[in-house]
Each structure stands twice: as structure tokens, then as C-alpha cells.
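Enquirer: With our numbering, the residue at position 129 of the sequence shown is 133, and numbering never jumps. Note that CB positions come from ideal geometry on N, CA and C, so glycine has one too.
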Amino acid sequence: MSKGLFISIEGPDGSGKSTQIENIKQFFCDKGIDIVFTREPGGTAIGERIREIILDKNCSEMDYMTEAMLYAAARSQHVAQVIRPSLEEGKIVICDRFVDSSIAYQGYGRKLGDAVAIINGFAIGKCLPDVTFLMKLDPRIGRRRIDADKQDRLEREQDDFHIAVFEGYLELEKKYKDRIVGIDASRSIEEIKVDIYKKLEELLKGVTG
Ligand code: TMP
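(1) According to DSSP, what are the bridge partners of Ile-184?
(2) Sort Asp-60, Gly-117, Phe-32, Ile-57 by Cα distance to Val-97 and report the nearest one.
(3) Just to confirm, is the Cβ distance from Gly-51 to Ala-78 under 8 angstroms?
(4) Is the closest heavy atom of the ligand TMP to the C-beta of Gln-81 under 7 angstroms?
(5) Closer than 7 angstroms to a non-hydrogen atom of the ligand TMP - does that hold for the CB of Leu-59?
(6) Assess, as a yes-or-no matter, whether the segment 43-50 is touched by the segment 138-147 under the definition of 3 or more beta carbon pairs within less than 8 angstroms.
(7) At the level of alpha carbons, what is the spacing between Gly-146 and Leu-208?
(8) For Pro-133, is the beta carbon positioned less than 7 angstroms from some heavy atom of the ligand TMP?
(9) Would DSSP call Ile-96 helix, strand or coil?
(10) Quick check on this structure: which residue in Val-103, Phe-170, Pro-143, Gly-113 has the alpha carbon closest to the alpha carbon of Asn-124?
(11) Checking the sheet assignment: what are the DSSP bridge partners for Glu-14?
(12) Taking the continuous alpha helix (DSSP H) assigned at Val-103, which residues delimit it?
(13) Could you spell out where the alpha helix (DSSP H) holding Thr-42 opens and where it closes?
Next comes the structure, spelled out in C-alpha cells:
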């Protein structure tokens, strides 16, 4: 579908994803390569407004299907307004979370199953990342890194929810071996960065020849 390169970064809350995203941005900056960096839920004015609703800890009555549809709605806008046009212009798009988050969190965590892939099919069409980095860290460890008073509505869920999410991610890694690159996120920031940079170098070779 596209001429560009689409990279997403996934993982449980507290897995060190944000730190490695900064490293990924630095990788491209050092090479003088422009990227489009974006995030989910969000990435557009409409998506950021949906994000506020979804993550608001006061929206505790939110139905799980409503939650799944709000993530998909934000994604639909994001794909239409930012991701697809950027890829069609041949740009490199780096996205903090994408559809795998919905499969893991809503499909496995909320146990909505296949409905999540179906509603997201409407949102993304054929737009899937070329490569997805999956930060693999036991969610019980990851969540200890987040201050209790700073936790959003999803982060406040119990351990069994986060464990189901993580299992979902591991299933996705098995299912999409060619796309998802599992990263052992229990190691040092530097060791993780070395792994990611190696993969990014390979990817760039593939793009630039
Ligand atoms: P963030 O903290 O990485 O910005 O993500 C916000 C939260 O939303 C995080 O707990 C994961 C969750 N999430 C889903 O449950 N489904 C989704 O589709 C996405 C994109 C995020």
C-alpha cells in the first residue's frame, strides 16, 4: 500500500517503552532522517480528545465495548489524517502503540476476543506496521514503576488484567513472527537500545538499498 516505513512500539505499562522511543527518535535524528512521530490513543486533535475520555479515571463506568470502539475511533482518524497520508508520501512513521494494543488490552485484557480485530479492521483497512517492537516485561514489575497517584484508568486495573494483556502480546508475537520483534525489556536501557538500533539499521538498509 505504501512507499514509506511504518514502525510501532508496543508493550505493557511501565515496560520502558517511552525511554526507548526517545532512543529511536535519536537514532533517526543522528542520521539526519526526518520522521513522523505519533502516538495512540491520540495523534490528531480528535484523537487527543478521545484519549482524554478513555484515560480519565473518573470514567470508571465505561463499558468495555465502548472503550474498544473509542480506541478504534481514535485510530480511524489517526490512520486517515496522519499515518496513511504520511506513508503515501514515503515518510517514516513511528507510532507509540497501534492496533496490537487494542488486541492485547481490549481483546485479551477485557476479554472481548475477535470483536476487537473486526472493529479495528474498519479503522485501519490494510494499514499495518512493517515492524513492531514489543517491549517484553512482566507487567507486575512494570507497574511498580508508575506512581499510584499518576495511574490512568487502564493502569489502575488489577494485576490479572495486566497479566492477560501481556499474555495477549505474547500470542501476537507468536502469530506475527515476521512483523513483531520481541525485546527482552528486563535488561539495561543500553542493552535494549543496542538491540533496537541493530534492527533499525537493518530496516534502513531494506528501505535505502
Ligand atoms: P500510553 O500510556 O502508552 O500512552 O497508553 C495509554 C493506555 O491506553 C495504556 O494503558 C494502554 C491503553 N491502550 C489500550 O488499552 N488500547 C489501545 O488500543 C491503545 C492504543 C492503548
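Expert: According to the data block:
(1) Thr-136
(2) Phe-32
(3) yes
(4) no
(5) yes
(6) no
(7) 30 angstroms
(8) no
(9) strand
(10) Val-103
(11) Leu-138
(12) 103-106
(13) No alpha helix (DSSP H) holds Thr-42; the beta strand (DSSP E) holding it covers 39-43.
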